[in-house]
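Worksheet: one structure, shown below.
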Amino acid sequence: MSISKQDILKALETITVSGEGKNMVESGAVQNVVTFADEIIVDLKLSTPALHIKKRAEADIIKTIHEKVDANAKVQVNIKVKAPAKPQNPNLIKGKPIPGIQNIIAVASGKGGVGKSTVAANLAVTLSKMGFKVGILDADIYGPSIPIMFDVAMEKPLSVNVGGKSKMKPVENYGIKILSIGFFTQPDQAVIWRGPMAAKALNQLIFDAAWGELDFMLIDLPPGTGDIHLSIMQSLPITGAVVVSTPQNVALADARKGVAMFRQENIDVPVLGIIENMSYFTPAVPIAIGIPENKYYIFGKEGAKHLAEDLEVPFLGEVPLVQSIREAGDAGRPAALQTATPIEEAFEEITRNVVEETVRRNENLPPTEAIKITTMAGCSAVKK
Ligand SMILES: Nc1ncnc2c1ncn2[C@@H]1O[C@H](COP(=O)(O)OP(=O)(O)OP(=O)(O)O)[C@@H](O)[C@H]1O
Ligand SMILES: [Mg+2]
Numbered sequence: 222m223s224i225s226k227q228d229i230l231k232a233l234e235t236i237t238v239s240g241e242g243k244n245m246v247e248s249g250a251v252q253n254v255v256t257f258a259d260e261i262i263v264d265l266k267l268s269t270p271a272l273h274i275k276k277r278a279e280a281d282i283i284k285t286i287h288e289k290v291d292a293n294a295k296v297q298v299n300i301k302v303k304a305p306a307k308p309q310n311p312n313l314i315k316g317k318p319i320p321g322i323q324n325i326i327a328v329a330s331g332k333g334g335v336g337k338s339t340v341a342a343n344l345a346v347t348l349s350k351m352g353f354k355v356g357i358l359d360a361d362i363y364g365p366s367i368p369i370m371f372d373v374a375m376e377k378p379l380s381v382n383v384g385g386k387s388k389m390k391p392v393e394n395y396g397i398k399i400l401s402i403g404f405f406t407q408p409d410q411a412v413i414w415r416g417p418m419a420a421k422a423l424n425q426l427i428f429d430a431a432w433g434e435l436d437f438m439l440i441d442l443p444p445g446t447g448d449i450h451l452s453i454m455q456s457l458p459i460t461g462a463v464v465v466s467t468p469q470n471v472a473l474a475d476a477r478k479g480v481a482m483f484r485q486e487n488i489d490v491p492v493l494g495i496i497e498n499m500s501y502f503t504p505a506v507p508i509a510i511g512i513p514e515n516k517y518y519i520f521g522k523e524g525a526k527h528l529a530e531d532l533e534v535p536f537l538g539e540v541p542l543v544q545s546i547r548e549a550g551d552a553g554r555p556a557a558l559q560t561a562t563p564i565e566e567a568f569e570e571i572t573r574n575v576v577e578e579t580v581r582r583n584e585n586l587p588p589t590e591a592i593k594i595t596t597m598a599g600c601s602a603v604k605k
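Yeah, the sequence shown ends on 605 if you go by the working numbering, and it's all consecutive.
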């Protein structure tokens, strides 16, 4: 017996996905239904990356088709996640719009060396694996490390002609578009930048570059909470910031300052959450070297989680301290690219949380306006 597409759609009309209001056919979540002999393929596009909702939708589809259409049909459900679109109210967009770029996420920390760049690189490749179009902008004027982490340190962006204008073409690897301040500075040159200089250079890297369409642009910020950061926020409409910290007290104190900087009344960049890096040490081959317990909390336990609770910002997840993450960074191939590993799993969870928080942020808040700094010394800033 051949299965009719109409019958399947009718059956799917009885399913509602949590948070999407209408049934999955009416809401447009069902993108395509293909039948082939006794096999049914349903393509679904959801606006949430939450794993439990995706699993629930898949289970509901299979169950409903078996109950209402054909008890023996083989059902395959392919689920894609819609990129969170930026809010479209033009009256609210005051910052210089960046055509084609939907969400700009700043990756920050207070303290240096806690793993911002490592986390940014792995977030980028995980977002890309989830099907998003991703760019990464290395804004670390003190020590740009993204080119090394993506194995493009020897490359230089080419120039392309876009609508009669010459634009920089981001370098690309692993499907990620990359620009770094490091492409334009000598590695051994001590770069002494002031905020406005850095902001000007970053503006060029953003507005004079041919980024094309991006769902996410990640900005790897330099460590600290100084005038460079204010200058960056002056020039860019940042959707939200994620703050990276280790569980150690000195890092947490700086992370607190980082969150406070974004929350400053006249800056007001939403903090999407805190990521804890180096949460615990896991030896590569614990049994072979005779170590019974697999987790060593060398920087303390759950410090960033508690900080997130204290500051009432989402806790986005933890990344263990493992040798292969460092090795992968040095080798220019972010660790999360390797499939079926605990590292991939950890970054998938964190990335899902980041996307979810971005969706929530875009539903609830207007686009962040670019910030105009009036006085640098007192770090005081006003919105345009
Ligand atoms: N989870 C981890 N496991 C093992 N090594 C890690 C981990 N996270 C970061 N590292 C290593 O720690 C070092 C510092 O990380 P990274 O450069 O990402 O920090 P950062 O916060 O960007 O530093 P900076 O403030 O200088 O920009 C690097 O050698 C990196 O490979
Ligand atoms: Mg860094």
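Cβ atoms here follow ideal geometry from the backbone N, Cα and C, with glycine treated the same way.
Here the structure is a predicted model, which means the values were calculated and not measured.
- Note on geometry: alpha-carbon atoms of VAL296 and ARG547 lie some 41 Å from one another.
- Boundaries cannot be given for GLN485, as no alpha helix (DSSP H) includes it and DSSP labels it neither H nor E.
- Under the three-state reduction of DSSP output, PHE520 falls in the coil class, being neither helix nor strand.
- Here MET389 is bridged, per DSSP, to SER380, ALA430.
- Its Cα nearest to that of PRO443, the residue LEU423 stands out among ALA431, GLN323, LEU423, ALA556.
- Excluding residues up to 5 positions away in sequence, ILE224, ASP228, ILE229, ALA232 lie with their Cβ nearer than 7 Å to the Cβ of VAL290 in the same chain.
- Secondary-structure assignment with DSSP links VAL254 through a beta bridge to VAL263.
- In the DSSP assignment, GLY538 falls within the beta strand (DSSP E) that extends over 536-542.
- ALA341 has its alpha-carbon roughly 15 Å from the corresponding atom of PRO541.
- A heavy atom of ligand 2 is found nearer than 7 Å to the CB of ASP441.
- Within its own chain, the residues whose Cβ lies closer than 6 Å to the Cβ of ASN253, once the five positions on either side in sequence are excluded, are ASP264, listed in chain order.
- Pairing ALA250 with ALA462 gives a Cβ-Cβ distance that is not under 8 Å.
- Per DSSP, PHE404 lies in no beta strand (DSSP E) and is assigned neither H nor E.
- Taking every protein chain shown into account, the CB of LEU379 has fewer than 16 other CB atoms within 10 angstroms, so this residue is exposed.
- For the set THR406, ALA280, LEU558, VAL373, the Cα lying nearest the Cα of VAL392 is the one of VAL373.
- The closest heavy atom of ligand 2 lies 7 Å or more from the beta carbon of LYS526.
- For GLU234, no beta strand (DSSP E) segment is defined, and its DSSP state is neither H nor E.
- Counting of Cβ neighbours within 10 angstroms places LEU267 among the buried residues, the total reaching 16 or more.
- Counting the other Cβ atoms within 10 Å of the Cβ of ASP448 gives 16 or more, which makes it buried.
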